[in-house]
Amino acid sequence: MWIWGGMREMLGTKEISEILKVKPVTVRKYAAALEKAGYIVQRDDNGNRVYTQNDATAFRELQALCERSGMTVENSAEVITARTLRATQAESSAVVPTNGQAVMQYDPRYDELINTINNLVNQNSKILEQNERMAERMAEQNANLTQIMREVTETKRMIAEKQRKSWKFWERNKQPTDPQSDPELAWKKREKRIY
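In full-length UniProt numbering, the protein residues as written are 1 to 195.
Structure below.
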């Protein structure tokens with residue numbers, strides 16, 4: 001955390017975008033999603049968002065969660081906000097105990113978020129299994145198609161070989177044709193004479 005003259009240095013959107021290696025518009029999108037989920041982002045006198053190092057950490061966690069899980073920015077923001085609120089409550093309950101016992105507040109949305117995350121993880125696992133089965137089936141089909149193509153090629157080769165052999169047989173055993181006995185040849189000869 002930066003300290004300047006005894007005060008925390010606030011970071012702007014540009015500094016956060018450099019830390020995350022994203023465009024400033026992405027930082028604004030992350031901030032809007034976090035605020036919608038209940039995360040409190042400070043603003044300066046002009047109403048612009050300003051961030052602390054803790055905010056930068058929350059942004060990093062949000063970015064990592066989106067990349068790893070494939071969840072939307074909005075869903076990831078809810079998870080990060082829930083974590084931050086839990087951490088904040090744990091810190092405040094450790095600092096301010098009531099009647100010697102820690103204060104524990106519970107929001108039912110946490111269970112919903114946990115269930116949503118578990119459902120998404122299960123769905124992702126099922127999709128991965130389906131993709132693996134499809135890949136195996138496609139590999140089998142490719143192998144079968146390759147085998148069929150080999151068999152078709154071999155059959156064509158065998159048919160062509162048989163045709164060559166039978167053609168050679170008929171060529172060898174062919175008798176010279178007499179134009180008188182072959183009406184077609186006689187007709188062709190007559191046609192030539194006429195023209």
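For each residue, glycine too, the CB sits at the ideal point set by N, CA and C. As the structure is a prediction and not an experimental result, all values here were calculated from the model.
Using DSSP with H/G/I as helix, E/B as strand and the rest coil, what is residue i?
| i | result |
| --- | --- |
| Tyr110 | helix |
| Arg39 | Here residue 39 turns out to be Tyr, not Arg, going by the sequence shown. Three-state DSSP puts Tyr39 in coil, outside helix and strand. |
Looking only at its chain, what residues have a beta carbon closer than 6 angstroms to the beta carbon of residue i, apart from the 5 residues adjacent to it on each side?
| i | result |
| --- | --- |
| Asn119 | none |
Decide if residue i is buried, meaning its Cβ has at least 16 other Cβ atoms within 10 Å, or exposed.
| i | result |
| --- | --- |
| Asn75 | buried |
| Glu79 | Reading the sequence as shown, one finds Val at residue 79 and not Glu. Its Cβ being crowded by 16 or more others within 10 Å, Val79 is buried. |
| Val25 | exposed |
| Asp45 | exposed |
| Val152 | exposed |
| Val27 | buried |
| Leu185 | exposed |
| Ala160 | exposed |
| Ala37 | buried |
Confirm, please, whether the CB-CB distance from residue j to residue i is below 9 angstroms.
| i | j | result |
| --- | --- | --- |
| Arg49 | Thr84 | no |
| Met71 | Gln42 | no |
| Ile16 | Phe59 | yes |
| Leu34 | Gln63 | no |
| Ser69 | Val22 | no |
| Thr81 | Tyr39 | yes |
Relative to the C-alpha of residue i, which candidate in the options has its C-alpha closest?
| i | options | result |
| --- | --- | --- |
| Tyr110 | Ala77, Glu18, Asn142 | Ala77 |
| Cys66 | Ala82, Asp44, Asn54, Tyr30 | Tyr30 |
I'd like to know whether the C-beta of residue i is nearer than 9 angstroms to at least one C-beta of chain B.
| i | result |
| --- | --- |
| Leu65 | The structure shown contains no chain B; it is built from a single protein chain. |
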